[in-house]
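A quick write-up on the structure given underneath.
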Amino acid sequence: MRVLVVSDTHVPVLARKLPDQLLEEAQACSAILHAGDLVSSGVLDQFTRLVPTYAVHGNQDSPTVRARLPSRRTVTLGKWTIGIVHGHEGTGMYTEDRAFNAFVSQRVGVIVFGHSHQPMNMKRDGILMFNPGSPVAGRGGQGNTYGVLE
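Numbering-wise, the sequence shown is residues 1 to 150 according to our numbering.
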């Protein structure tokens, strides 16, 4: 199973549209995980027309997006049980701490989060902590990024 992992698309505020490369990658995947800050419902609609999409809302999302999406969720895809959260709410000083703490009472093998616009791929207490960065507004010298889980 090939899963596209994306966050912080910020369309149409920081980008007019999703990058073509991202949409091409989405078509080659079985599912999409979006960790919030879609900003507009159009991004969600565009992804869901391609493949099953599992998303949460972030701190920059419109009221329409917030009404459609939870603040966190857990999904099982193939061999993975995945927690998805944006990472702006909760306890902890850093985004990855807040994301980790959001699922401390649940059994997940992967936590997908966003908010920082900086990619991260590390293990914490045996759990893969995965932040895909942002495909339109990367920070920290990493450029614009997204991720794929296989």
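Backbone N, C-alpha and C define an ideal beta-carbon position, used for all residues, glycine too.
These numbers come from a predicted model, not from an experiment.
How would you write the range of the alpha helix (DSSP H) that residue i sits in, first residue to last?
| i | result |
| --- | --- |
| Thr64 | Pro63 to Arg68 |
Quick one: residues in its chain with C-beta nearer than 6 Å to the C-beta of residue i, no 5 flanking neighbours on either side, listed in chain order?
| i | result |
| --- | --- |
| Val159 | No information on residue 159 is available, as it lies outside the stretch 1 to 150 that the chain covers here. |
| Gly141 | none |
| Ser116 | Thr95 |
| Arg98 | Gly87, Gly90 and Gly92 |
| Gly109 | Trp80 and Thr81 |
| Leu14 | Val136 and Ala137 |
| Val75 | Tyr54 and Ile82 |
What does a CB cutoff of less than 8 Å around residue i pick up in its chain, not counting 5 residues either side in sequence?
| i | result |
| --- | --- |
| Pro70 | Val56 and His57 |
| Pro132 | Val5, Val6, Ser7, Ala35, Val112, Gly114, Pro119, Thr145, Tyr146 and Gly147 |
| Val11 | Lys17, Leu18, Leu38, Val39, Ser40, Gly42, Val43 and Val136 |
Starting from residue i, trace the beta strand (DSSP E) both ways and give me its first and last residue.
| i | result |
| --- | --- |
| Arg2 | That residue, Arg2, is in no beta strand (DSSP E); it is neither H nor E in DSSP. |
| Phe113 | That residue, Phe113, is in no beta strand (DSSP E); it is neither H nor E in DSSP. |
| Val148 | Gly147 to Leu149 |
| Leu14 | Premise fails: Leu14 is in no beta strand (DSSP E) and is neither H nor E. |
What does a CB cutoff of less than 7 Å around residue i pick up in its chain, not counting 5 residues either side in sequence?
| i | result |
| --- | --- |
| Val121 | Residue 121 is actually Asn in this sequence, not Val. Around Asn121: Phe130. |
| Leu50 | Ala26 and Gln27 |
| Ser30 | Met1, Arg2, Val3 and Val51 |
I'd like to confirm the pairing. Which residues does DSSP put opposite residue i in its beta bridges?
| i | result |
| --- | --- |
| Phe103 | In the DSSP output, where bridge partners are listed per residue, Phe103 has none listed. |
| Asn131 | Met120 |
| Val6 | His34 |
Using a Cβ-Cβ cut-off of 8 Å, state whether residue i counts as contacting chain D.
| i | result |
| --- | --- |
| Gln142 | No chain D is part of this structure, which consists of one protein chain only. |
- [ ] Mind the definition here: the segment 135-150 touches the segment 93-100 only if three or more C-beta pairs lie below 8 Å; say whether that holds.
- [x] no
TODO: State whether the segment 46-53 contacts the segment 24-35, with contact taken as three or more CB pairs (one from each stretch) at a distance under 8 Å.
DONE: yes
Task: Complete alpha helix (DSSP H) runs within the segment 28-96 (minimum length 4 residues, chain order) - done: 41-50 and 63-68
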